[in-house]
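Just so you know, the protein sequences line up as chains A and E, in that order.
The opening residue of the first sequence carries number 179 in my numbering; numbering runs sequentially from there.
The opening residue of the second sequence carries number 179 in my numbering; numbering runs sequentially from there.
Data first, discussion second: the structure below is written as structure tokens.
Protein chains: 2
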Amino acid sequence: MTGPRYTKLVASLPSTVPFVGPETQERARGQKFAARLGANENVFGPSPKAISAMQAAVPDVWMYGDPENYDLKQALAAFHGIRPENIVVGAGIDGLLGSLCRMLVSDGTPVVTSLGAYPTFNFHVAGYGGALHTVPYNGDFEDPSALVAKAHEVDASLMYFANPDNPMGTWHGADVMQEMIDNVPDGTVLCLDEAYVEFSPEGTAPAIDTDNRNVIRMRTFSKAYGMAGARVAYAIGHADLINSFNKVRNHFGMNRASQAGALAALEDQQYLAQTLSDVRAAKERIGDIVRRFGLEPIPSATNFVTVDCGKDGDYARALVGALIDQNIFVRMPFVAPQDRCIRVSAGRPQDIDLFEKALPLAMETLK
Amino acid sequence: MTGPRYTKLVASLPSTVPFVGPETQERARGQKFAARLGANENVFGPSPKAISAMQAAVPDVWMYGDPENYDLKQALAAFHGIRPENIVVGAGIDGLLGSLCRMLVSDGTPVVTSLGAYPTFNFHVAGYGGALHTVPYNGDFEDPSALVAKAHEVDASLMYFANPDNPMGTWHGADVMQEMIDNVPDGTVLCLDEAYVEFSPEGTAPAIDTDNRNVIRMRTFSKAYGMAGARVAYAIGHADLINSFNKVRNHFGMNRASQAGALAALEDQQYLAQTLSDVRAAKERIGDIVRRFGLEPIPSATNFVTVDCGKDGDYARALVGALIDQNIFVRMPFVAPQDRCIRVSAGRPQDIDLFEKALPLAMETLK
Numbered sequence: 179m180t181g182p183r184y185t186k187l188v189a190s191l192p193s194t195v196p197f198v199g200p201e202t203q204e205r206a207r208g209q210k211f212a213a214r215l216g217a218n219e220n221v222f223g224p225s226p227k228a229i230s231a232m233q234a235a236v237p238d239v240w241m242y243g244d245p246e247n248y249d250l251k252q253a254l255a256a257f258h259g260i261r262p263e264n265i266v267v268g269a270g271i272d273g274l275l276g277s278l279c280r281m282l283v284s285d286g287t288p289v290v291t292s293l294g295a296y297p298t299f300n301f302h303v304a305g306y307g308g309a310l311h312t313v314p315y316n317g318d319f320e321d322p323s324a325l326v327a328k329a330h331e332v333d334a335s336l337m338y339f340a341n342p343d344n345p346m347g348t349w350h351g352a353d354v355m356q357e358m359i360d361n362v363p364d365g366t367v368l369c370l371d372e373a374y375v376e377f378s379p380e381g382t383a384p385a386i387d388t389d390n391r392n393v394i395r396m397r398t399f400s401k402a403y404g405m406a407g408a409r410v411a412y413a414i415g416h417a418d419l420i421n422s423f424n425k426v427r428n429h430f431g432m433n434r435a436s437q438a439g440a441l442a443a444l445e446d447q448q449y450l451a452q453t454l455s456d457v458r459a460a461k462e463r464i465g466d467i468v469r470r471f472g473l474e475p476i477p478s479a480t481n482f483v484t485v486d487c488g489k490d491g492d493y494a495r496a497l498v499g500a501l502i503d504q505n506i507f508v509r510m511p512f513v514a515p516q517d518r519c520i521r522v523s524a525g526r527p528q529d530i531d532l533f534e535k536a537l538p539l540a541m542e543t544l545k
Numbered sequence: 179m180t181g182p183r184y185t186k187l188v189a190s191l192p193s194t195v196p197f198v199g200p201e202t203q204e205r206a207r208g209q210k211f212a213a214r215l216g217a218n219e220n221v222f223g224p225s226p227k228a229i230s231a232m233q234a235a236v237p238d239v240w241m242y243g244d245p246e247n248y249d250l251k252q253a254l255a256a257f258h259g260i261r262p263e264n265i266v267v268g269a270g271i272d273g274l275l276g277s278l279c280r281m282l283v284s285d286g287t288p289v290v291t292s293l294g295a296y297p298t299f300n301f302h303v304a305g306y307g308g309a310l311h312t313v314p315y316n317g318d319f320e321d322p323s324a325l326v327a328k329a330h331e332v333d334a335s336l337m338y339f340a341n342p343d344n345p346m347g348t349w350h351g352a353d354v355m356q357e358m359i360d361n362v363p364d365g366t367v368l369c370l371d372e373a374y375v376e377f378s379p380e381g382t383a384p385a386i387d388t389d390n391r392n393v394i395r396m397r398t399f400s401k402a403y404g405m406a407g408a409r410v411a412y413a414i415g416h417a418d419l420i421n422s423f424n425k426v427r428n429h430f431g432m433n434r435a436s437q438a439g440a441l442a443a444l445e446d447q448q449y450l451a452q453t454l455s456d457v458r459a460a461k462e463r464i465g466d467i468v469r470r471f472g473l474e475p476i477p478s479a480t481n482f483v484t485v486d487c488g489k490d491g492d493y494a495r496a497l498v499g500a501l502i503d504q505n506i507f508v509r510m511p512f513v514a515p516q517d518r519c520i521r522v523s524a525g526r527p528q529d530i531d532l533f534e535k536a537l538p539l540a541m542e543t544l545k
């Protein structure tokens, strides 16, 4: 028997996952995590209004969601001062990145990203056969001018930049970003992943310009709006690029209750402000705690703190393992020299209490 | 400015949608439908236990869903008497069909389906550059032996068959299906879409054989379980084929509340039995009504009745339009000679009441 004849590309792909889920680790360890601070989920959760809206919509899930995401796009357009035709809604940024790669990347297409940036983007680039070209971080920052230079050099069709950055939490101001945008090569699309932008200081996001054919911005309800498991994100761009998603997207792929939840979450900007304040306080506390034990928090414009452990990757990996042994779910950057760090998501006071107790115990086991 | 450089394939694709959503029509008409009987949604809705489970999970959507869908796969494996490694869970059959096409179809890959079968499958085949070969229906039935012959003839990598069939509602028994399975060419994967199989008589589904590398079965919570807007479906197949989905799927793409809802729905087989009985009664009533007005219901093993209007496609299209004018959402088959029919989903008594009132008024306008 021949069995299935996979495409040449798919046959060549490894059967990897971009991330191992915390549940997988819980099952392997036979124990639930006491604090879930590894996936940059927003432990403060969705707005109570979003929760109510989703719960109220649940009995209606016998109906497919509106494939046009009309109401949500209208609200998002008003919120950003743009037009609905500049917005495509999808089931998380991961899904939108997949569609974007499908549109722009095929066998050998040059794509540029930072070495150690978001692995799921790389998963999609590989999945469509692209040739990934990477540029190292500059210190703990993604390097806009080096990325632009690389895009010119390799004639990239697509480049990826996260601002603020994950996994480092660092960020560039709008002026730097605007300069990067202005220098994107003709024929290159810059995917600006702004999943964490709501957490960043005023003046981080450059102005939205939907006339620019070469930039697509990604935003999500997974982070600041606390709805990672509801799977709602959106991309903003030129109407032609946005409309092209209709060629490939899963039109009836949106959860109906999530559509209602995102709409309610967007309307509750007061709750968002409270979350941002709670996250800020949590990050300060994480910073204080790690400093007390001789580690250095890297300034962060996200909902997590990347902590410089001051040693090598082996030490940080061991510390992540030791924290997991203490029932605290954390992760860390994959690539040197950033892998000298661990990454701790901003949690509720009770989550940070647990981290505070676990950290010295975990460090003790490494002595 | 060059703008984005789309792949050659994507540049060639039309910006179409497989289906226009009812909400789009409602917005165009400035009026909500009184009865929503066009998308084969299950108006009887999810089990109350599934509703409760989803509502209870909503506050937890700050967490991503388990990317392994572990609990649901365990439950489905026990339900079907198979192993979890033979199951992949996805956000609806549409999403799984997309992944399957991505795995097996690239530029010019021959694919076989029935002329007039599920348009979203065709959307995905075109979206990955496949060459679609079609076989006409035999009467109002998909034609297994003609499809198998065509798959041999064109050396298809993939063939699609829905049993029971949509849009006609007709079905073949397990013996016919088993014969088809036995004759699938080596190197061809038969995608057996069983979205409606719970509605079908005993003896419709052939035995599940997870040793067979050439068959993948698609099942969903969208139809009999009444959860179309929750986006949960699964595929059953050989472990190698199932594992290959990990190369391309959106690992963190599942809604966390939907995972809980599907689990609860599966456990409530009593509610499912009630739904099946309600759907049966609704179909009988639809049959009685259309007969009274000189139309002929085609026997159906699904949750809809395809109604032979006895005239041509122009008449049926006009009747669909006239029913929509009466605020009743219905659809119809796209391709002749099946387009002599309209398709009415099984609704609650109050939905069928509205259809009963609207049908003669709609027919009157066509005289």
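The beta carbon of each residue, even a glycine, is placed where N, CA and C say it ideally should be.
Which residues in chain A have a C-beta closer than 8 Å to the C-beta of E/Thr-549? List them in chain order.
The structure shown does not extend to residue 549 of chain E, since chain E is modelled only from 179 to 545, so the question has no answer here.
Measure how close the beta-carbons of A/Gly-439 and A/Pro-182 come, nearest whole angstrom, since I'm counting them as under 8 Å.
Actually they do not touch by this definition, with Cβ atoms about 38 Å apart.
Whole angstroms is fine: what's the gap from E/Thr-366's alpha carbon to E/Gly-307's?
Those two C-alpha atoms are separated by around 17 Å.
Any chance the segment 446-461 of chain E sits against the segment 277-287 of chain A, with 3 or more Cβ pairs inside 8 Å?
no
So, does the segment 384-403 of chain A touch the segment 484-503 of chain A, judging by three or more C-beta pairs under 8 Å?
no
Less than 7 Å between C-beta atoms, sequence neighbours within five positions excluded: which residues of the same chain meet that for E/His-302?
Leu-275, Gly-276 and Cys-279
Compute the distance between the beta-carbons of A/Val-410 and A/Ser-436, then report whether it is under 7 Å.
Yes, the pair counts as a contact, with Cβ atoms nearer than the cut-off.
What are the boundary residues of the alpha helix (DSSP H) that includes E/Pro-288?
Careful: E/Pro-288 lies outside any alpha helix (DSSP H), inside the beta strand (DSSP E) at 288-292.
Measure the alpha-carbon distance for A/Phe-339 versus A/Lys-545 and round it to whole angstroms.
38 Å
Between E/Asp-529 and E/Ala-213, how many whole angstroms is the CB-CB distance? I'm expecting something under 8 Å.
Between E/Ala-213 and E/Asp-529 the Cβ distance is about 4 Å, and since that is below 8 Å, they are a contact.
Under the three-state reduction of DSSP, which class applies to E/Ile-476: helix, strand or coil?
strand
Should the segment 320-328 of chain A be called in touch with the segment 281-300 of chain A, which here means at least 3 C-beta pairs below 8 Å?
yes
Suppose you measure from the CA of E/Val-188 to the CA of E/Ala-304; what does that come to, to the nearest Å?
10 Å
Taking 7 Å as the CB-CB limit, is E/Arg-207 close to chain A?
Taking Cβ atoms only, chain A never reaches closer than 7 Å to E/Arg-207, which makes this a no.
Look up A/Phe-423 in the DSSP assignment and say whether it is helix, strand or coil.
helix
So for E/Gly-407, helix, strand or coil by DSSP?
E/Gly-407 carries a helical assignment under DSSP once its states are collapsed to helix, strand and coil.
Cα separation between A/Leu-450 and A/Phe-377?
10 Å
Report the three-state DSSP secondary structure of A/Thr-453 (helix, strand or coil).
Under the three-state reduction of DSSP output, A/Thr-453 falls in the helix class.
Give the residues of chain A in contact with E/Met-510, contact being defined as C-beta atoms less than 7 Å apart.
What E/Met-510 touches in chain A: nothing, since even the nearest Cβ is about 18 Å away.
Using C-beta distances below 6 Å, list every residue in its chain close to A/Gln-356, excluding the 5 sequence neighbours before and after it, in chain order.
Pro-384
One question on the structure: do E/Ala-406 and E/Glu-204 come within less than 7 Å of each other, judged by their Cβ atoms?
no
State the DSSP-derived secondary structure class of A/Ser-619, mapped to helix, strand or coil.
The structure shown has nothing for residue 619 of chain A, since chain A only spans 179 to 545.
Beta-carbon separation of A/Val-426 and A/Asn-392 under 7 Å?
Contact: no.
Would you say A/Asn-247 lies against chain E (beta-carbon separation less than 7 Å)?
no
Sorted by chain position, which residues of the same chain lie with C-beta nearer than 7 Å to E/Phe-257's C-beta, five sequence neighbours on each side aside?
Leu-444
Starting from A/Asp-531, trace the alpha helix (DSSP H) both ways and give me its first and last residue.
For A/Asp-531, the enclosing alpha helix (DSSP H) has its first and last residue at 527-543.
If we count the other Cβ atoms within 10 Å of its Cβ and call it buried at 16 or more, is E/Ala-488 buried or exposed?
Going by the sequence as given, residue 488 of chain E is Gly instead of Ala. So E/Gly-488 ends up on the exposed side.
Measure the CB-CB distance between A/Arg-518 and A/Asp-492 and report whether it falls below 7 Å.
No; because the gap between Cβ atoms is not below 7 Å, this pair is not in contact.
At a Cβ threshold of 7 Å, is E/Met-232 touching chain A?
yes
I'd like the span of the beta strand (DSSP E) that includes E/Ile-520, first residue to last.
519-523
Between A/Leu-441 and the rest of its own chain, which residues show a CB-CB distance below 8 Å, the 5 nearest in sequence each way excluded?
Cβ-Cβ distances below 8 Å link A/Leu-441 to Ala-231, Asp-249, Leu-250 and Ala-253 in the same chain, with the five nearest sequence neighbours on each side left out; the list follows chain order.
Measuring CA to CA, which of A/Ala-524, A/Phe-471 and A/Glu-474 is closest to A/Phe-482?
A/Ala-524
Could you give the distance in angstroms between the alpha-carbon of A/Pro-475 and the alpha-carbon of A/Gly-415?
Approximately 34 Å between the Cα atoms of the pair.
Determine whether the Cβ of A/Phe-399 lies closer than 7 Å to any Cβ atom of chain E.
When Cβ-Cβ separations below 7 Å define contact, A/Phe-399 makes no contact with chain E.
In its own chain, which residues sit with a C-beta less than 6 Å from the C-beta of E/Pro-546, not counting the 5 before and 5 after it?
Absent from the model: residue 546 of chain E. The displayed extent of chain E is 179 to 545, so no value can be given.
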